[in-house]
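Colleague:
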Amino acid sequence: MASTATITPIRRSSGGAGPKPLVRAGIYTSSTGVYEAPASSRYQLSLHLGAPVWMACGWGGRVARRLQCEGDMDLTPEGFTGSWEDEEPASFLLIDLAPALVEQAAAGIGLKPGKLGMEPQAQLRDARMQHIAFAPKAELEADEPNGRLYLEGLGLALSASLVARYASARDGLRDSQTLSPSRMRRVVDYVESHIEEDLSLQRLAEVAELSLSHFKTLFRRSAGRPVHRYVIERRVERARTLLRQGQLPLAQVAAAAGFAHQSHMARHIRRQLGAAPSEFRTHDA
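This note's numbering puts the first residue of the sequence shown at 440, with every later residue one more than the last.
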């Protein structure tokens with residue numbers, strides 16, 4: 440029968456005064472043996488540190504044995520139990536997130552708290568999440584840490600990544616959620632008033648106050664086409680209006696509508712309207 444592993448804290452974040460912190464982080468070592476984790480009231484992310492170690496982990500009767508390498512992550516959502524068995528002593532960073540923080544991240548993309556449905560995940564390898572997750576380690580090891588507010592900011596960023604990538608509730612999002620009318624109006628108005636500029640997805644996502652990935656998804660569902668196609672359509676309409684006014688040379692019309700050059704405008708006008716730009720002019724400029 441396998442021995443019970445001993446978990447030893449090396450460094451831990453301070454809880455501070457007042458309510459329980461939204462984010463807790465700690466660096467731990469574990470001996471060989473089995474560690475049975477009780478159901479947690481928080482979301483826990485374990486990040487392997489140091490040399491590779493063979494280990495087995497399991498949730499709900501499912502057990503997987505693999506070589507855990509530096510930066511590999513295991514996710515245990517709220518309410519799940521888990522077990523780990525290391526074949527050699529190991530070190531890991533444990534970050535646990537209050538449900539309120541994860542729900543806040545979910546609300547930011549229009550998900551209801553009760554529909555997250557995260558499942559345990561083993562050996563996650565995600566460069567963006569890993570980059571965020573290593574930041575609390577540096578905070579724990581710093582001579583002058585930035586403090587609780589900084590740690591909570593990292594926790595919110597990590598929560599947003601978890602929700603965006605691993606919450607099964609995104610299936611419901613794909614079926615029903617769209618941009619709210621107010622957000623859609625802000626984006627439409629911004630496009631119309633900045634049509635001559637080199638618009639970026641990032642800027643439009645900021646106008647909508649959404650992450651880039653979720654803005655793209657929700658906009659496509661709301662408008663029935665992707666952002667870039669919508670913007671091209673609006674550029675073509677602006678160009679057609681200017682052409683009919685007949686006051687600007689073709690090159691200036693292209694620039695005023697946000698096209699890179701005259702031939703760029705002509706190509707999209709032909710594709711969308713089936714005619715050359717000159718056919719929309721009341722007279723040649």
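Glycine is no exception: its CB is placed at the ideal position from the N, C-alpha and C atoms. Remember, it's a predicted structure, so these values are computed and weren't measured experimentally.
Does LEU506 come out as helix, strand or coil in the three-state DSSP assignment?
Modeller: What you label residue 506 is simply residue 67 of the sequence shown in a count that begins at 1. Strand.
Colleague: So what does DSSP say about GLU591, is it helix, strand or coil?
Modeller: Locating residue 591 in the sequence shown gives position 152, where the first residue counts as 1. Residue state, collapsed to three classes: helix.
Colleague: Cα-Cα, which of ILE634, ILE449, SER452 and TYR629 is closest to PHE698?
Modeller: Sequence index remark: in the sequence shown, residue 698 carries index 259 (1-based). Nearest C-alpha to PHE698: ILE634.
Colleague: Do LEU601 and ALA537 have their beta-carbon atoms positioned less than 8 Å apart in this structure?
Modeller: On the sequence shown, position 98 is the one that residue 537 refers to. On the sequence shown, position 162 is the one that residue 601 refers to. No. Outside cutoff.
Colleague: Between the C-alpha atoms of PRO477 and ASP628, what's the straight-line distance to the nearest angstrom?
Modeller: Within the sequence shown, the letter at position 38 stands for residue 477. Within the sequence shown, the letter at position 189 stands for residue 628. If I take the Cα positions, the gap works out to 51 Å.
Colleague: Taking GLN507 and MET494 to be in contact with their CB atoms under 8 Å, please state how far apart those CB atoms are, rounded to whole angstroms.
Modeller: Here residue 507 is taken as the residue at index 68 of the sequence shown, counted from 1. Here residue 494 is taken as the residue at index 55 of the sequence shown, counted from 1. Confirmed, about 5 Å.
Colleague: For a test of the three-state rule: what should DSSP assign to SER717, helix, strand or coil?
Modeller: In the sequence shown, the residue the question calls residue 717 occupies position 278. Three-state result, SER717: helix.
Colleague: Identify, in the order they occur along the chain, each residue of the same chain with its Cβ nearer than 8 Å to the Cβ of LYS459, setting aside the five sequence neighbours on each side.
Modeller: Counted from its first residue, the sequence shown places residue 459 at position 20. Correct list, in chain order: ALA537.
Colleague: Mark GLY486 as exposed unless 16 or more other C-beta atoms lie within 10 angstroms of its C-beta, in which case mark it buried.
Modeller: On the sequence shown, position 47 is the one that residue 486 refers to. Note that residue 486 is Leu in the sequence shown, not Gly. Buried: at least 16 other Cβ atoms inside 10 Å.
Colleague: Under the three-state reduction of DSSP, which class applies to PHE654: helix, strand or coil?
Modeller: Taking the sequence shown and counting its residues from 1, the one referred to as residue 654 is at position 215. Note: PHE654 maps to helix in three-state DSSP.
Colleague: Quick one: what's got a C-beta closer than 8 Å to THR445's C-beta in the same chain, skipping five residues either side?
Modeller: For the purposes of this step, residue 445 is taken as residue 6 along the sequence shown, with counting starting at 1. These residues qualify, in order along the chain: SER469, SER470 and GLY472.
Colleague: Mark GLU580 as exposed unless 16 or more other C-beta atoms lie within 10 angstroms of its C-beta, in which case mark it buried.
Modeller: For the purposes of this step, residue 580 is taken as the residue at position 141 of the sequence shown. Exposed is the call here.
Colleague: Restricting to Cα atoms, I'd like to know which of ARG679, LEU682 and LEU640 is closest to PRO665.
Modeller: Sequence index remark: in the sequence shown, residue 665 carries index 226 (1-based). Of ARG679, LEU682 and LEU640, the residue nearest in Cα terms is LEU640.
Colleague: At 4 residues or longer, and completely inside the segment 673-713: list those alpha helix (DSSP H) runs for me, N to C.
Modeller: 689-695 and 701-712, all fully within the segment 673-713.
Colleague: Could you have a look at MET494 and say whether DSSP puts it in helix, strand or coil?
Modeller: One-based indexing of the sequence shown puts residue 494 at position 55. Three-state DSSP puts MET494 in a strand.
Colleague: From this set, ARG451, LEU540, ALA539 and GLY489, which residue's C-alpha is nearest ALA529's C-alpha?
Modeller: Here residue 529 refers to the residue found at position 90 when the sequence shown is read from its first residue. Ranking ARG451, LEU540, ALA539 and GLY489 by Cα distance to ALA529 puts GLY489 first.
Colleague: Just the Cα atoms here: how many angstroms apart are VAL630 and ALA696?
Modeller: The sequence position of residue 630 within the sequence shown is 191, counting from 1. The sequence position of residue 696 within the sequence shown is 257, counting from 1. Rounded to the nearest angstrom, the two C-alpha atoms are 11 Å apart.
Colleague: Determine whether the beta carbon atoms of GLN616 and LEU657 lie at a separation below 8 Å.
Modeller: Taking the first residue of the sequence shown as position 1, residue 616 is located at position 177. Taking the first residue of the sequence shown as position 1, residue 657 is located at position 218. Going by C-beta atoms, GLN616 is nearer than 8 Å to LEU657.
Colleague: Measure the CB-CB distance between ALA566 and ALA503 and report whether it falls below 8 Å.
Modeller: The sequence position of residue 566 within the sequence shown is 127, counting from 1. The sequence position of residue 503 within the sequence shown is 64, counting from 1. Going by C-beta atoms, ALA566 is not nearer than 8 Å to ALA503.
Colleague: Taking 6 Å as the limit between beta carbons, can you name the residues of its chain near GLU591, skipping five residues before and five after?
Modeller: As a first step, residue 591 is located in the sequence shown; it is residue number 152 there, counting from the start. Hits under 6 Å: LEU461 and VAL462.
Colleague: Would you kindly report the start and end of the unbroken beta strand (DSSP E) that includes SER530?
Modeller: Counting from one through the sequence shown, the residue named residue 530 turns up at place 91. Element bounds for SER530: 529-536.
Colleague: Among VAL646, HIS667 and GLU636, which one has its Cα closest to the Cα of ALA694?
Modeller: As a position in the sequence shown, residue 694 is number 255, starting the count at 1. Checked all of VAL646, HIS667 and GLU636; the closest Cα to ALA694 is GLU636.
Colleague: Taking DSSP as the reference, what is the three-state secondary structure of SER621?
Modeller: Counting from 1 along the sequence shown, the entry for residue 621 is found at position 182. The answer is helix: DSSP assigns SER621 an H, G or I state.
Colleague: Go ahead and pull the three-state DSSP assignment for LEU487.
Modeller: In the sequence shown, counting from the first residue as 1, residue 487 sits at position 48. For clarity, residue 487 is His in the given sequence; the question names Leu instead. Three-state result, HIS487: strand.
Colleague: Measuring straight from C-alpha to C-alpha, what distance separates SER452 and GLU517?
Modeller: Residue mapping note: residue 452 aligns to position 13 of the sequence shown, counting from 1. Residue mapping note: residue 517 aligns to position 78 of the sequence shown, counting from 1. Their backbone Cα atoms lie some 20 Å apart in a straight line.
Colleague: To the nearest angstrom, report how far apart ARG587 and GLU475 are at their CA atoms.
Modeller: Along the sequence shown, read from residue 1 onward, the residue named residue 587 stands at position 148. Along the sequence shown, read from residue 1 onward, the residue named residue 475 stands at position 36. Taking the straight line from one Cα to the other gives about 29 Å.
Colleague: Do LEU618 and ALA647 have their CB atoms nearer than 8 Å?
Modeller: Within the sequence shown, numbered from 1, the residue matching residue 618 stands at position 179. Within the sequence shown, numbered from 1, the residue matching residue 647 stands at position 208. It is a contact, given that the beta carbons lie within the stated cut-off.
Colleague: Give me the DSSP bridge partner(s) of TYR474.
Modeller: Locating residue 474 in the sequence shown gives position 35, where the first residue counts as 1. In DSSP, TYR474 forms a bridge with TRP523.
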